[in-house]
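So the structure is just underneath, and the comments pick up after that.
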DNA sequence: ACCTGAACACCGTTCAAGT
DNA sequence: ACCTGAACACCGTTCAAGT
């Protein structure tokens, strides 16, 4: 935070750019052209400036992506969570997912570090709290949070990338036959599923798995960590 | 497959490069300099050739990464799996994880598509089969596979990236204070955990969560998909 | 203090030409 | 058939200079 543009005195040239303006322009590019088009040069162009001017308001591209995430999380409506702990754990996890599901640049962030915006910390706090109320020890609760987070991160990266490839304006994937996204044909014993595959894999995949994971984690409360 | 170098007649110049040689050189770069150094140009240099020569043996960089994955999965020892279905599901999932955990370029593959090497299909088949033997319907079994896969993919991307950043020869991250990997200080109520955090989050994170997830998924056998 | 231009050190990939 | 060189269309970032 502490935007680098700060009016301490009135020396020097008045700023034409601001972090605000940069983030807004970045969001416009993200919306209109997709995350793969967001480069420092393109962003500068959008602002009728030069790539280097941006570095006065943002440390580097990673920070830019993080600031975008932060901003997005801030703006996201903060729903009231159930009080029943298991429900709260599920609901908070779902919010975490939903916030990030709207961020197509999330993959780049995940790929750059395992970070979380401060504006989303309340969610993590709720998750861990709820897990403790469910009877997990603090250690188990933190661990449960991480398991849920891995699941969520995996679902997000894979879904975002699938959309990027399929909806992409690009030529059909024309992959080597030897490699393919898994389809029912790969599993002779599942031939009956042919045609339902997309439906099955597309159907709001996150929530059902989330509930199963939560139940599995809660059932292990008090289980010594190192058991076969 | 069907390597583009194939001796159909004997017209033309004898090949200096081969897919084999290219993949071996790529592995050397991966081992010695890390995945971020693997570029077509660097690879060509390693082979005392030009970047463009590579495109005679490999369609593009994505295919190269996939071929590397395929090769790795082929070479991986294929352990005998338990017959008890729940144990088999867990063991197969663990093998899937372990194979990929050794591939630092896996992030780039996941980021490029949701693909699986054919040499690893036996694992997926075992996972789905075992899930069915545990009493899940085929649809539920496929769904269970995907939940496990998301969890695994999330754990892998995040761990690989953490290693890339921490072990990286690069300068310290010097991030804006506003963003940080989650630490116990972010959770006042968990102050007691300070100092154990790394241990907790580093400890063979995958297997325990895997078992919890499997149990949660199996417990839902026959549960109608749209509940609560 | 804020911004610019040129440059550095890279990418993946295409295309026309050589042997 | 296999390989090369030059070029295209990009990247993120540094650095010295301008106002």
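Chains as they are written, first to last, in UniProt numbering: chain S, 1 to 228; chain R, 1 to 228.
Just so you know, even glycine gets a beta-carbon here, dropped at the ideal spot from N, CA and C.
For residue 99 of chain S, would you say it is in contact with chain R, using Cβ-to-Cβ distances shorter than 8 Å as the test? Not a single C-beta of chain R is nearer than 8 Å to the C-beta of residue 99 of chain S.
List in chain order: all unbroken beta strand (DSSP E) runs of 3+ residues lying wholly within the segment 126-169 of chain S. Qualifying beta strand (DSSP E) stretches: none in this window.
Quick check: is the beta carbon of residue 95 of chain R nearer than 8 Å to any beta carbon in chain S? Between residue 95 of chain R and chain S, the shortest Cβ-Cβ separation is not below 8 Å.
Closest to residue 146 of chain S by C-alpha separation, out of R:139, R:143, R:43 and R:156, would be which residue? Closest by alpha carbon: R:156.
Within the same chain, show all residues whose beta-carbon is closer than 7 Å to that of residue 211 of chain S, passing over the 5 residues directly before and after it, in chain order. Closer than 7 Å at the Cβ level, and outside the excluded window around residue 211 of chain S, lie 90.
Considering only the alpha carbon of each residue, which of S:143, S:124 and S:58 lies closest to residue 19 of chain S? Minimum Cα distance to residue 19 of chain S is reached at S:58.
Residue-chain proximity (residue 217 of chain R, chain S), Cβ-Cβ < 8 Å: Cβ-Cβ to chain S under 8 Å: yes for residue 217 of chain R.
My guess is that residue 47 of chain S and residue 22 of chain S are in contact by the Cβ rule of under 8 Å, so how many angstroms apart are they, rounded? At roughly 7 Å, the Cβ-Cβ gap stays under 8 Å, so residue 47 of chain S and residue 22 of chain S are in contact.
Taking the C-alpha atoms as reference points, what is the distance between residue 31 of chain S and residue 103 of chain S? Rounded to whole angstroms, residue 31 of chain S to residue 103 of chain S spans 10 Å at the Cα level.
Is any beta-carbon of chain S found at less than 8 Å from that of residue 55 of chain R? No - not a single Cβ of chain S is within 8 Å of the one on residue 55 of chain R.
Residue from R:29, R:51 and R:74 with nearest C-alpha to residue 117 of chain R: Residue 117 of chain R has its Cα closest to that of R:74, out of R:29, R:51 and R:74.
Tell whether a beta-carbon distance below 8 Å holds between residue 232 of chain S and residue 213 of chain S. The structure shown has nothing for residue 232 of chain S, since chain S only spans 1 to 228.
Have a look at residue 63 of chain S and residue 53 of chain S and give me their C-alpha separation to the nearest angstrom. Rounded to the nearest angstrom, the two C-alpha atoms are 15 Å apart.
Of all the CB atoms in chain R, is at least one closer than 8 Å to the CB of residue 155 of chain S? Interface residue (Cβ-Cβ distance to chain R less than 8 Å): residue 155 of chain S is classified as such.
Among S:137, S:135 and S:94, nearest to residue 209 of chain S - alpha-carbon criterion: Ranking the options by Cα distance to residue 209 of chain S, first place goes to S:94.
Just checking residue 209 of chain S against the ligand MN - is the residue's beta carbon closer than 7 Å to any of the ligand's heavy atoms? Among the components of this structure there are no ligands whatsoever, and the ligand MN is therefore not found.
Is residue 152 of chain S close to chain R, meaning its C-beta is less than 8 Å from at least one C-beta of that chain? Taking Cβ atoms only, chain R reaches closer than 8 Å to residue 152 of chain S, which makes this a yes.
What is the C-beta distance between residue 49 of chain R and residue 17 of chain R, in whole angstroms, given that I count them as a contact (C-beta under 8 Å)? The beta carbons of residue 49 of chain R and residue 17 of chain R sit about 6 Å from each other, so the pair counts as a contact at 8 Å.
Could you check if residue 56 of chain R is buried or exposed, using at least 16 other CB atoms within 10 Å of its CB as the buried criterion? Residue 56 of chain R comes out exposed.
Roughly how many whole angstroms lie between the Cα atoms of residue 26 of chain R and residue 101 of chain R? Straight-line Cα distance between these residues: approximately 18 Å.
Measure the beta-carbon distance from residue 130 of chain R to residue 92 of chain R and round it to whole angstroms, keeping in mind my assumption that it falls under 8 Å. Indeed they touch by this definition, with Cβ atoms about 7 Å apart.
Please classify residue 154 of chain S: is it buried, with 16 or more other beta-carbons within 10 angstroms of its beta-carbon, or exposed? Counting Cβ neighbours within 10 Å, residue 154 of chain S comes out buried, since at least 16 surround it.
Count the other CB atoms within 10 Å of the CB of residue 141 of chain S; is the residue buried (16 or more) or exposed (fewer)? Its Cβ being crowded by 16 or more others within 10 Å, residue 141 of chain S is buried.
With residue 60 of chain S as the anchor, note down where its alpha helix (DSSP H) starts and where it stops. Following the DSSP letters along the chain, one finds residue 60 of chain S in no alpha helix (DSSP H), marked with neither H nor E.
Can the beta-carbon of residue 133 of chain S be found less than 8 Å from the beta-carbon of residue 79 of chain S? For residue 133 of chain S and residue 79 of chain S, no; Cβs fall outside 8 Å.
Quick one: does residue 126 of chain R have its CB under 8 Å from some CB of chain S? Not a single C-beta of chain S is nearer than 8 Å to the C-beta of residue 126 of chain R.
Nearest to residue 45 of chain R by CA position, among R:162, R:36, R:60 and R:29, is which residue? Ranking the options by Cα distance to residue 45 of chain R, first place goes to R:29.
Is residue 65 of chain S closer than 8 Å to residue 109 of chain S when the C-beta atoms are compared? Closer than 8 Å, so yes.
Any Cβ of chain S within less than 8 Å of the Cβ of residue 110 of chain R? With 8 Å as the cut-off, residue 110 of chain R counts as an interface residue toward chain S.
Are the CB atoms of residue 96 of chain S and residue 88 of chain S nearer to each other than 8 Å? Residue 96 of chain S is not a Cβ neighbour of residue 88 of chain S, given a cutoff of 8 Å.
What residue does the alpha helix (DSSP H) around residue 27 of chain S start on, and which one ends it? Looking at the DSSP string, the run of the alpha helix (DSSP H) that includes residue 27 of chain S is 19-33.
Please classify residue 222 of chain R: does DSSP put it in a helix, a strand, or coil? The answer is coil: DSSP assigns residue 222 of chain R none of H, G, I, E or B.
Are any of the Cβ atoms in chain R nearer than 8 Å to that of residue 51 of chain S? Residue 51 of chain S has a beta carbon lying at 8 Å or more from every beta carbon in chain R.
Does residue 138 of chain R pass the burial test, meaning 16 or more other C-beta atoms within 10 Å, or should it be called exposed? The residue is buried, with at least 16 neighbouring Cβ atoms inside 10 Å.
If you follow the alpha helix (DSSP H) that residue 86 of chain S is part of, which residue opens it and which one closes it? Judged by DSSP secondary structure, residue 86 of chain S falls within the alpha helix (DSSP H) whose first and last residues are 85-101.
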